[in-house]
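First the structure, in the form of structure tokens, and then the observations on it.
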Amino acid sequence: MAQSEVIVQNLTKKYDSVTAVDNISFTVEKGSFCVLLGPSGCGKTTVLKIIAGLLEPTEGAIFIHGEDVREVPTYRRNISMVFQDFALFPHKTVEENVEFGLRMRKMGEAERKRKVQAILEVVGISELRKRYPAQLSGGQQQRVALARSLVVEPAVLLLDEPLGSLDYRLQKQLEVEIKRLHRELKMTFIYVSHDLSQAFAMADQIILMNRGRIEQMGKPEEIYYRPRSVFVAGFLGDVNLIPVQVKGFDRNRIILDAGVGDVYAPQQEENPSPGEEVFLAVHAESISLEREAEVCENRLEGMLLEEIFQGSQIIYTLQLKNKQEIKVLKQSNSGRVPGRIGSPVPIGWKLEDSILLLAPHSKRRVKDGI
Amino acid sequence: MAQSEVIVQNLTKKYDSVTAVDNISFTVEKGSFCVLLGPSGCGKTTVLKIIAGLLEPTEGAIFIHGEDVREVPTYRRNISMVFQDFALFPHKTVEENVEFGLRMRKMGEAERKRKVQAILEVVGISELRKRYPAQLSGGQQQRVALARSLVVEPAVLLLDEPLGSLDYRLQKQLEVEIKRLHRELKMTFIYVSHDLSQAFAMADQIILMNRGRIEQMGKPEEIYYRPRSVFVAGFLGDVNLIPVQVKGFDRNRIILDAGVGDVYAPQQEENPSPGEEVFLAVHAESISLEREAEVCENRLEGMLLEEIFQGSQIIYTLQLKNKQEIKVLKQSNSGRVPGRIGSPVPIGWKLEDSILLLAPHSKRRVKDGI
Amino acid sequence: MEKLLRIYLTVLILFIYLPIFSLTVFSFNSGGLTFPFKELSLEWYVKLLQSPKLMEAVYRSLKLALVTMILTTVLSFMTAYALRERFRGRLFIFYLFILGIVIPGITYGLGTALFYQTLGIKKSLWAALPVHVIWTLPFGILIMLAGFDPKIQTYEAAAKTLGGNNWAIFREILLPLLFPTILGTALFAFTLSYNESERGIFLLGTDNTIPAEILAQLSARATPELYALGTLSTVFSILLLGLTGWLVLRKS
Amino acid sequence: MEKLLRIYLTVLILFIYLPIFSLTVFSFNSGGLTFPFKELSLEWYVKLLQSPKLMEAVYRSLKLALVTMILTTVLSFMTAYALRERFRGRLFIFYLFILGIVIPGITYGLGTALFYQTLGIKKSLWAALPVHVIWTLPFGILIMLAGFDPKIQTYEAAAKTLGGNNWAIFREILLPLLFPTILGTALFAFTLSYNESERGIFLLGTDNTIPAEILAQLSARATPELYALGTLSTVFSILLLGLTGWLVLRKS
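Chains A, B, C and D, in that order, give the protein sequences.
Be aware that the first sequence starts at 48, since it is given in the working numbering, and climbs by one per residue.
Be aware that the second sequence starts at 48, since it is given in the working numbering, and climbs by one per residue.
Be aware that the third sequence starts at 8, since it is given in the working numbering, and climbs by one per residue.
Be aware that the fourth sequence starts at 8, since it is given in the working numbering, and climbs by one per residue.
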């Protein structure tokens, strides 16, 4: 069994009357890549700062490498951290920045130089070592920040939205490099992000937070294919949320009234009662149109409202008779165009693509707070 | 023929020694949605501010609705603008904020009230009209900012990354709403963004800028399917750039040496000369794997390096024998898994999916400046 | 660490306020200047009110401070507004104003007296007005510049794109948003001017303001009604500063 | 609009500097105080150097200013460091310090003299040290607080996560980054103390600092070597302020 590197136990952080983090617990395994994901203000950065020792928790405990670090100051926690705006020391060169942590550890000069050189090569900026941060581009600064944190070989590397202030294109490139560094260096990474696609691209484990609590945690595929609440399904982006009422059961299916016809979901371990109002979530790319729709177990009819070109994908918006909108995602080279705007189009999806959301607050509207 | 609402003519803006905008010209048609797209620092916001009259150009002219506005102050230009951080007046209520532009136009109180009420309903926040900006969420503030700019019925609405400070999920929702407002109100919109998917989702016309110049302009599909430079292809994200050398011509094809075998591109109006080194761009979603690859005109063999789950899509990274990496994008429900990591996989794409890049700076490496 | 800082701050503040405290205590002592505190009484306060010379000086100080306040507020608004723009020489001009704080007060007063003599201007209360304004202006500019936060420039831009001309922007955006800062500047300027003595002393002639009068009387003999006056002035200054602080910081 | 502002700034600055200018001009006039400018000469500067009373006062002022500078710099660094943290009463403490600027100087000097009398402390040069520090400290704190920009807190956090303890952070991050601000504070404090007269005047006894000496001599008779001294002090203050400005703003 894998060893636990970081254990967060019943962590709570209150500011005066506001509860930023509300009694959360999780475990990060040694060598894994954990992403704390959630909308801004959900408390993810607070958790990271408490792990780093930059904030004190109101309640709860943190264990790093088996040690309770409640009384351990930041500089003896064997962690290091990459900040959103890099926080490179402006009065030190790249080399001096990277060397800082090693000097703090009283490492001899020869070994220091060797390690600095090695890590600068790993992140691909050894030719910049005499420059000052102000002379570097955003991407280069981020590489220095990574090198500076990695060179001390911490038990845990904490990353606080390290790509947040970079261009989209640069983000995508550095995502790949951070993932590669993680694989090569076999350290434990805890990465804070509000960007789902970043989390999917990098995480072994996603901890999805909302309003100071954990909504769901697990592997990216688990979160994507088995969202457990309307919040999670909504956060995934291209998921259709259809309000339905439970009508009854047949064989292995739950029969649901969608207002414009019956739809079906697989039976659950704990089934809802007939009459209950729940949400059905269906991924936009799981929905078939036209002829392909006719072989599906779930079939409805929509009217094509809109077709949005998105590069590699096209999003079709259709409307059911009760004004409910359905998004359908198709790869743009798939060549099938479902008729003209305004024309009726058959919609369908497989039984196993119906995700029933039974979570307690499933009746809250997704648009809440917007 | 459509009427031109905004004409930008040979516009240049210099700050001391830096040229932020370098002799650019373009035309925005009446009622269209134009997106100024580009990486940060490319000069797009400078262009917008010059159109608004908030900055003075060093050279060049701006025409709005046929009038040369060089000598016209901002407040008489018949434009309005939505700012990235909303810029709502903090000491005025929602209603007073929205009313501001109408009062500046000396509109009578009864008509003012009517118009404010109407636009608040259009953007869906009429119940918030007595609140102050600080009492609103980010999404609500953006709706107020939109209402405030729309209510004056400007000839042109300028939007400066209006969704930049919002959460991803909220961005996607408001994208749809801004697009809907544009369709319903039939105004001319000029929208600044660094986000390609936003531009694709909303634009009739994209003006892609880089280092103060226009790299390419046209409809989203034109830019996506016919990028004219390595910069544009790189900006599109999931495009494979393969360095090739022109070998010769057969029938309607150009024969290219990719180092690991020959590949083909359709002949151009202006063909490159044999021996010339150019780039071949192939969209990641245009590449087929395994059996499907075998019927394609372009065929190579790759080794599977990595498989990244991205929610609705999966990115496969393959490596050719010369270490060139190839990205392939598949919808995650397509069910085909191309063998194990490390196993050889046939790669293929159709002749018409080969895009030859002949632009002058096509030899610059894409990683430049990173 | 935090405890140490707390102790340090407490000691420092005690140290600053003890002199004021002793002045206050003795102003209520019927014995007057000498150490054994005899009896609590308002004797010196009554004497103060009965001294026409001192009361006239107070009245003059208030008049001068009021006019200084108005001029300083208007000028610091205009100066801060101008200094907000980036232009060549901006910092140089800023420092030319700040020099008003560090320049030796006595030298400046002396120079002005000489300058007036050259021009044939007579000494009087209003002759001291320019040096008062020049003393208060740098503080006013500093407060105003701090009040012009960068967001205000965005609000101005937004108002422009909505059709607002310069006057409308001043009236609808700048004035209401900067109102607390403007009032804060005014009160600070008033307090500074009311307490100023070094610069004005050579210019006032016989029209002594209250600090000048105190200085003049002290050269002769220290009377306890001056303690009463000092206590009142201090309380007044504290109240005005408190109000200033509340106004400047209320919005944040 | 821009032109108007330029004219306004020029007029205002001329107005501020003309008195200083006339002082300077007359200090080079062999005729001395009176209007018709006779002849350019260094006569008064030579007399100044030959006046042991004035030169001693200059020496005393420099000594006092130096010690005040050191204390103010250390205390304002500590205070600003403490005030950076958000804690209950933070603004209140900040205003308690700022009160040092607005409190009437004469009242404060008088209070301190009384306080010393109560404690039996004799008047002397060093007796004026506390009031000098209290006068310069609020300015020092303001400069330091402006220098502690929010990014510095991030650098400190980064240094902590890299294994830096408090002392290492002070030495490696705070000191080098704040060095210009610290030096600026020191110079500003020095200049303010060197030019201070109101507060110290009742505490110095016979150990007059130079502004106190000028004030004392002026009560008797204005001699032109005081103009020479005023001119020198002003030039000195301008140079120090220029250096301060350059130090504080160089990094931005």
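Ideal Cβ positions, reconstructed from N, Cα and C, are used throughout, including at glycine.
Ile176 (chain D) places its beta carbon less than 8 Å from that of Lys167 (chain D). Here Asp400 (chain A) carries a helix assignment [DSSP, helix/strand/coil].
Around Ala331 (chain B), the beta-carbon contacts reaching into chain A at under 8 Å are Ser359. Contact of Asp242 (chain B) with chain A by beta-carbon distance below 8 Å involves Tyr215.
Contact note: Asn36 (chain C) does not reach chain B at a C-beta cutoff of 7 Å; the least C-beta distance is about 50 Å. Judged by DSSP in its simplified three-state form, Glu205 (chain D) adopts coil rather than helix or strand. Look at the region 118-174 of chain A and you find these whole runs of alpha helix (DSSP H), each 4 residues long or longer: 141-151, 156-169. Nearest to Arg230 (chain B) by C-alpha distance, out of B:Val191, B:Gly389, B:Arg273, B:Lys77, is B:Lys77. Taking a beta-carbon distance threshold of 8 Å, Gly191 (chain C) does not count as an interface residue toward chain B. In the structure shown, Asn172 (chain D) falls within a coil segment according to DSSP collapsed to helix, strand and coil. Restricting attention to alpha helix (DSSP H) runs no shorter than 4 residues, the region 67-113 of chain C encloses them at 97-109, ordered along the chain. A straight line joining the alpha-carbon of Met249 (chain A) with that of Pro180 (chain A) spans about 27 Å. Of the residues D:Leu181, D:Ile14, D:Ile141, D:Tyr88, the one whose Cα lies closest to the Cα of Arg13 (chain C) is D:Tyr88. Annotation for His330 (chain A): the continuous beta strand (DSSP E) segment containing it runs 324-330. Boundaries of the beta strand (DSSP E) harbouring Met256 (chain B): 252-257, taken from the DSSP string. By the neighbour-count criterion, in which 16 or more other beta carbons inside 10 Å mark a residue as buried, Glu92 (chain D) falls on the exposed side. In this structure, the alpha-carbon of Ile245 (chain C) lies about 7 Å from that of Leu106 (chain D). Residues of the same chain with a CB within less than 7 Å of the CB of Asp400 (chain B), apart from the 5 flanking positions on each side, are Val329, His330, Ser333 in chain order. From the beta-carbon of Ser87 (chain A), the residues of chain B found nearer than 8 Å are Asp214. Spanning the alpha carbons of Thr238 (chain C) and Gly112 (chain D) requires a straight line of approximately 12 Å. When DSSP states are grouped into helix, strand and coil, Glu344 (chain B) belongs to the coil group. Taken in chain order, the members of the region 108-122 of chain D whose beta-carbon sits within less than 7 Å of a beta-carbon on chain C are Val109, Ile110, Pro111, Gly112, Ile113, Thr114, Tyr115, Leu117, Gly118, Thr119, Leu121, Phe122. Inter-segment contact for the region 13-23 of chain D and the region 214-227 of chain D is absent: fewer than three beta-carbon pairs are separated by less than 8 Å. For Glu269 (chain A), the three-state secondary structure derived from DSSP is helix. Boundaries of the beta strand (DSSP E) around Tyr238 (chain B): 235-240. The criterion of a C-beta distance shorter than 8 Å is satisfied by Ile148 (chain D) and Ser83 (chain D). Against Asn172 (chain C), the close residues of chain B are Pro120, Tyr122, Arg123, Met151, in the order they occur along the chain (beta-carbon pairs closer than 9 Å). Here Pro321 (chain B) carries a coil assignment [DSSP, helix/strand/coil]. In terms of beta-carbon proximity, Lys219 (chain A) lines the interface with chain B, with at least one pair separated by less than 8 Å. Under a criterion of Cβ atoms nearer than 8 Å, no residue of chain C is adjacent to Ser48 (chain D); the nearest Cβ is some 17 Å distant. Counting of Cβ neighbours within 10 angstroms places Phe278 (chain B) among the buried residues, the total reaching 16 or more. Within the region 249-267 of chain A, the residues whose Cβ lies closer than 7 Å to any Cβ of chain B are, in chain order, Pro267.
Pairing Val191 (chain A) with Glu222 (chain A), the inter-Cα distance amounts to about 15 Å. With a cut-off of 8 Å on Cβ pairs, the region 118-136 of chain A is in contact with the region 201-211 of chain A, counting three or more such pairs.
With the rule of 3 Cβ pairs closer than 8 Å, the region 188-198 of chain C does not count as touching the region 136-148 of chain B. For Gly211 (chain A), same chain residues with a beta-carbon under 6 Å away, outside a window of 5 residues either side, are Gln131 in chain order.
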